[in-house]
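In full-length UniProt numbering, the protein residues as written are 1 to 504.
Idealized CB from N, CA, C, for every residue including glycine.
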Amino acid sequence: MPSVTYSSTRGGQTNLAFRDVVMQGLAHDRGLFVPDRLPTVSTTELESWRSLSYAELAVNVIAKFVGDDQVPLPNLRDIVTRSCAAFRDAQVTPLVHVGGHYVLELFHGPTFAFKDVALQMLGNFFEYFLSTGSNGGRLAVLGATSGDTGSAAIAGLRGKKGITCVILFPNGRVSAIQERQMTTVPDENVHCVAIDGTFDDCQDIVKASFNTPAFRDKVHLGAVNSINWCRVLAQTTYYYWSYLRVTDAHKDIPEVHFSVPTGNFGDVLAGYYAKQMGLPVGKLIVATNENDILHRFFTAGEYHRESIAETISPSMDICVSSNFERYLFHLAGNDASMLSAWMQAFEKTGQLTIQGDLLRQAQADFDSCRGDTSQTLATIETYHQKHQYVLCPHSAVGVYAIHQLSLVSSATVCLATAHEAKFPAAVAQVVEPMPPPPTELAVLRDLPTRRVELPNDLATVQAFVEECVFSRPRKWQAVAKHLAAVTVAVGVAAVALQAMTRRR
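The following block contains the structure:
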């Protein structure tokens, strides 16, 4: 069977190949690519996957979408196998039983966060496509991170031929370890930029860059954020993996519930697609912190943008969830014109409201729960004291949700999205003494860092990206000096860059 094709949620691009949507990232009409059809997995086929390793399972799941016309099976197997080899646990995403339910540990990759699962694969897909003729062998990746995406993207792209990687993060709004994971990487193709603003500001710059055709085409722009379909596809595997492991141990469980700490909606969306393909999934719980736009949508039908609250779970400090557009497209009956009208109204007013049958359908697809900082800390403390298990402040939000929704059972899996050592300041409030951090994180304290500070300004960021792509400077001081000259009209940018140079 030929590979699945993809179209934009807003209707401007249709029937694109997998290679094209991976390399392009965001659709040219500002929509997101969604599959034109969803393959199915029969009960018999699912049962035949029980004995497979994680890597073998991933090959089978991804091959449902990607045929030999896009990536020949031997190459696909190589991409997936090398991606999984980067993980410290042979099971890649091991499942543990804690407190009467399961925890899916997604933090055994290079940067101790769930995003490694997808970004190791995305990096290797990029490398394969560039080596076989895409973009003339060159790609400029511009990404935004609220904490974990940046380091995971860098780990997947560092040193790769033909790729320039520029990661934007909100200055002072990621944890110290998250920042060091990004800024201590010495590879010359990696550039870390602290933006004077929030994650949503960083995300807006990325989206606006994709919607600037002259810039986009000049640098051959690509995306690593979960707007890139490849990331969502890669994440579907661990829903199959955890379902099979739960039902290995409990053969009487007919379906498995999943609680997912949620920011940009990509992780839980992967579970939604797995369920639509036939995986016996029960509840899909959207677990949010105080930045609860998604919880408000699923309880009252109100997707209303509000200001971002800084919390102890910074990777979820998001007030507009990029991947949510994909779900809204399906909620609109795969009607691109309806979805486009919704998004245009939302972009203008900051509000989207649904009622009636649409709200009831959304509530049938997802449950939701909001856990604030005090509830998150109480959950971390309880699990440490009662179960000798330490949760990160994001994972704890998902665990809190299943207690609130009375879904604590062996049929429930909570996704643990990061290692607790990435958030020591938060966890140490209720865990004493803190477990020693993994060596890979402990050594970051003594490594030199390098980063650029830029204002929340699209033109300045785009000028910086062009400098990185075309000049390939070996010294960051040279980058700062040259960029300050070419953006002299932007006074704030010049001040920030000169300050960076002085610190170096």
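* **Cβ pair residue 203, residue 322 closer than 8 Å** => yes
* To do: Give me the Cα-Cα distance between residue 412 and residue 329, rounded to the nearest whole angstrom.
  => 28 Å
* Asked: Near residue 67, which residues of its chain fall below 7 Å by C-beta distance, leaving aside the five closest residues on each side in sequence?
  -> 1, 2 and 3
* In this structure, does DSSP put residue 39 in helix, strand or coil? -> coil
* What residue ranges within the stretch 76–105 form continuous beta strand (DSSP E) runs of no fewer than 3 residues, ordered along the chain? -> 95–98 and 101–105
* Using beta-carbon positions only, say whether residue 238 and residue 93 come within less than 8 Å of one another. => yes
* Asked: Should residue 289 go down as buried or exposed, given a rule of 16 or more other Cβ atoms within 10 Å for buried?
  -> buried
* Measuring CB to CB, does residue 136 end up less than 8 Å from residue 174? -> no
* **8 Å contact criterion, which residue 278 and residue 41 should meet: CB distance rounded** => 5 Å
* Asked: Does the Cβ of residue 436 have 16 or more other Cβ atoms within 10 Å, making it buried, or fewer, making it exposed?
  -> exposed
* Asked: With distances taken from CA atoms, which of 365, 33 and 350 is nearest residue 357?
  -> 365
* To do: Tell me, please, whether the CB atom of residue 363 is closer than 8 Å to any CB atom in chain C?
  => The chain inventory of the structure shown lacks chain C, comprising one protein chain alone.
* Asked: Per DSSP, residue 288 forms a beta bridge with which residues?
  -> 370
* Asked: Touch check for the stretch 105–123 and the stretch 142–159: three-plus C-beta pairs under 8 Å?
  -> yes
* To do: With a threshold of 16 other CB atoms inside 10 Å of the CB of residue 467, please say whether the residue is buried or exposed.
  => buried
* **Beta carbon of residue 79 nearer than 8 Å to that of residue 23** => no
* Can the beta-carbon of residue 432 be found closer than 8 Å to that of residue 390? -> no
* Asked: Using CA coordinates, which residue listed in 117, 206, 133 and 104 is at the minimum distance from residue 169?
  -> 206
* To do: Verify whether the separation of the beta carbon atoms of residue 63 and residue 84 is less than 8 Å.
  => no
* To do: Determine the extent of the beta strand (DSSP E) in which residue 164 is found, giving its start and end residues.
  => 163–170
* To do: Following the continuous beta strand (DSSP E) through residue 412, name the residue where it begins and the one where it ends.
  => 412–416
* To do: Return yes when the Cβ of residue 189 is within less than 8 Å of the Cβ of residue 158, no when it is not.
  => yes
* **Which of helix, strand or coil DSSP assigns to residue 2** => coil
* To do: Just mark residue 326 as buried or exposed, buried being the case when its beta carbon has 16 or more other beta carbons within 10 Å.
  => buried
* Distance between beta carbons of residue 418 and residue 394, contact taken as under 8 Å -> 6 Å
* Asked: Alpha carbon to alpha carbon, how far is residue 69 from residue 19?
  -> 10 Å
* **Straight-line gap, residue 208 to residue 401 (C-alpha atoms, nearest Å)** => 35 Å
* From this set, 195, 47 and 106, which residue's C-alpha is nearest residue 452's C-alpha? -> 195
* Which full runs of the beta strand (DSSP E) of 3+ residues lie inside the stretch 118–204, going along the chain? -> 139–144, 163–170 and 190–195
* Which whole runs of the alpha helix (DSSP H) in the stretch 380–441 are 4 residues long or more, in chain order? -> 395–404 and 424–427
* Asked: Given 8 Å as the limit, is there contact between the stretch 247–262 and the stretch 227–237, that is, 3 or more CB pairs closer than that?
  -> no
* Asked: Which class does residue 33 belong to by DSSP, given the choice of helix, strand or coil?
  -> strand
* Asked: Below 8 Å, can you find three or more Cβ-Cβ pairs linking the stretch 269–276 to the stretch 309–318?
  -> no
* Asked: Is residue 73 closer than 8 Å to residue 60 when the C-beta atoms are compared?
  -> no
* How is residue 110 classed by DSSP in three states: helix, strand or coil? -> coil
* To do: On the DSSP bridge assignment, give the partners of residue 260 in chain order.
  => 286
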